[in-house]
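Structure record follows, encoded as structure tokens.
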Amino acid sequence: MAPRKNFRNQAKKEVKPAAVVNKNGVKVEASVAASSGGFSGTKIFTWFMVLALLGVWSSVAVVWFDLVDYDNVIAERAKEFRFNFSEVLQGKLSAYDADGDGDFDVEDAKVLLGLKERPVSVSLREAKEESAVKEPVDGSQNTDVESEIQAAVSLPPILDDFIPDDSRDDATHPYEDENDAIDTKGELVEKAQPQQTLEESKQYNNQPGSPETKETVQLRYNAEAESVPEPEADVEPEVESVPEPEADVEPEVEADVEPEVESVPELEAKFVPELKENAEDHPKDQLKEKAKKKKPKLLNKFEKTIKTEIDAAEKLRKKGKVEEAVRAFETLVLQYPQSPRCRYGKALAEDGLAEKMLSNDMLQKAIGTYKEASELPNATPDLIKATLKKRAERQQFLGRMRGALATLEKLVQIFPEDMALKNDLGVAHLLIGDNNSAKRVYEEVLATAPSDGFAKVHYGFILKSENKIAESIPFLRDGLESGDPGTDDGRFYFHLGDALQRMGDDSAYKWYERGHQRGHFASVWQRSLYNVDGLKAQPWWTPKDTGYMDLVKTLERNWRIIRDEAQSVMDKTTGLFVPEEENLREKGEWGQFTLWQQGKKAGESCRSVPKTCGLLERYPEATGCKRGQIKFSVMQPGTHVWPHTGPTNCRLRMHLGLVIPKTGCKIRCTNDTRAWEEGKVLIFDDSFEHEVWQDADSYRLIFIVDVWHPELTQYQRQTLSPI
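For the sequence shown, my numbering gives the first residue as 254, with consecutive numbering after it.
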């Protein structure tokens, strides 16, 4: 057997005497040179003194330079560090390299035993490794034309670090920024398709919330840019991740730390300075001081005894190792079937796995597990709240709106004093189009908490949808000025400005400017909410600008055929023309007859005007425009259309003049006013503010054809959601 290595022996190794040079210039060992001269009494005394001094300095070195027998010390503590001491001798502990030199040695032992601080460079390296994001997803994205891959739900980001549950009963550390309300930025579906992937299910209602649509009574939560990139040939489209919840673990903060300032949610960092700069003219729009809250207690008394096991499984999930996390929590659930926290952890892990697999079935399984966790006995109130909130969010994500509503109603019954939950319940009612119930909920909230900004903006939104313009303004304005979470949304700036415009108040543009500064609008004039970034933006276009010269020529060459068919179906007794129902008219009569809507042909309508529809069939830029319409529009004398903007920058609007009175009819887009001509096409971008007057003596008839913005790629045209 090889002799045993010993750090101590290495430290005390005998020093070899230095070589000396003899008279012939040859090096010899000092001991040899000394022996050649014999040992005189003086030399013996000298050697005695040298040895004595060496003994003294060795003792000093042991104390001063901390020369200890690390061999024995490590042997005594090896069990504590869970490695075998024989591995130390064989140099197999590179994993315990604490000082970054590539091996395990005395200096590493000092660090492990707490006798020396870890080098800063190594700490930084490990911190970087510790904060690594979860493993990349190799899933492919379906690019089939029929699959509607939607822009992702904007939920809070995944925490990269892991802070275990606090097992203390009296934990009173303040939260990090916690959003109790359901995220108000996300695309949701009314009805989930069983065969869709998780990514494909990220849809919102068919008609997004904008003044251009008749269902303005409903909120459509995702006004952020919907930029769908053109994938490279060998690169799969990037799938946006559905982040995991933060409610289960909150970073621990020292008790004496001052509470942090809570930032306005969904507000880009670059806009925070603007809030401060506008303090004088926007006094209430300051960031609020965050009140201290108790940290959520997710562990019951029994679960505190298995906290280490729960933390280990939870850490896997936080590191993105969701398959391993699911297996770990399944094992815990088998061992401790009555543990709500284990079941909740399993649901979170399944949720993460569903995102990674893009599986609706797996997400549905997670939703079921959330329910199981909330119904187990001995679940803490905080765990019940976190679990049911997460369940409601995921139900909404899958389009199970009524299921989410039921979950939130249960939450409100359990926690009737929690205004944030009531606010979420109001949103759930809005998402199914039940404005009356939502209105009652927000009235209850404001009766209890009259300064609740979230309730105010939503209540004002509902009042405006009821055409109670003047009444809606103070609620929308006060809610926005509050800076409360969930209020900094483009819709509320949009509708406040619109309400002020309709009341003749020029301060509307001040609010549009603030919405633009916060990134909700491309400009004060261009206020569409469903956008693709980077598209050319100008109010008026020429046929050459669009690249759709052939379509324009076809329309202008056949305008009389189109006019005659339109006039043949204008008889009021047929009921084909229906009144405009988008609440855009100040006064007058405005009727429309639709042939294509959201890229879908209205077969019955086309049978009434077959020649017109036949002319358009070969122009997919128009008939396939899922964010537009093709329709006839007739406007009677005395009609005025309020200034308004369309919902998206992804389309351009063509107006073909069919019957145009000589005077009194005009359209303004931004600050440029024009008039129609019979047989000629006007093209403008209706995402810019525009306004219409009909002050002639007879009706005005035009043909409206929406086309894709010419800079959109074929992939974007296939995958953008309908509007």
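We treat Cβ as the ideally placed atom computed from N, Cα and C, and that holds for glycine.
No residue range can be given for residue 774, since it is assigned to no beta strand (DSSP E) and is classified by DSSP as neither H nor E. A Cβ-Cβ contact shorter than 9 Å links residue 775 with residue 769.
Note on residue 561: under 16 other CB atoms within 10 angstroms of its CB, so exposed under the neighbour-count rule.
In this structure residue 593 touches residue 632 by the C-beta definition: roughly 4 Å separates them, less than 8 Å. In the three-state reduction of the DSSP assignment, residue 962 falls in the coil class. Under the three-state reduction of DSSP output, residue 610 falls in the helix class.
With a cutoff of 9 Å on beta-carbon distance, residue 874 and residue 960 are scored as near each other. The beta carbons of residue 946 and residue 919 sit closer together than 9 Å. Here DSSP, grouped into helix, strand and coil, assigns residue 574 to coil.
Annotated three-state conformation of residue 951 is coil, per DSSP.
By DSSP's assignment, residue 845 forms a beta bridge with 831, 886. If you draw a straight line from the Cα of residue 652 to the Cα of residue 911, it is about 42 Å long.
Taken atom to atom, the span from the alpha-carbon of residue 876 to that of residue 940 is near 20 Å. The three-state secondary structure of residue 910, taken from DSSP, is strand.
Around the C-beta of residue 720, fewer than 16 other C-beta atoms lie within 10 Å, and the residue is accordingly described as exposed. Around the CB of residue 704, fewer than 16 other CB atoms lie within 10 Å, so the residue is classed as exposed. Here DSSP, grouped into helix, strand and coil, assigns residue 589 to coil.
The C-beta distance from residue 619 to residue 647 rounds to 7 Å, short enough to meet the 8 Å contact threshold. Annotated three-state conformation of residue 670 is coil, per DSSP.
Residue 931 is bridged by DSSP to 910. In the three-state reduction of the DSSP assignment, residue 730 falls in the helix class, which pools H, G and I. Judged by DSSP secondary structure, residue 892 falls within the beta strand (DSSP E) whose first and last residues are 892-897. The DSSP-derived three-state label of residue 967 is helix. Taken atom to atom, the span from the alpha-carbon of residue 673 to that of residue 693 is near 15 Å.
Under the three-pair Cβ rule at 8 Å, the stretch 859-874 does not count as touching the stretch 750-765. Per DSSP, reduced to three states, the secondary structure at residue 957 is strand.
Counting along the chain, residue 780 sits inside no alpha helix (DSSP H), nor does DSSP assign it H or E at all. Under the criterion of beta carbons closer than 8 Å, residue 891 and residue 841 qualify as touching, at roughly 5 Å. With 16 or more neighbouring CB atoms inside 10 Å of its own CB, residue 552 falls in the buried class.
For the pair residue 909 and residue 957, the CB atoms are nearer than the 9 Å cut-off.
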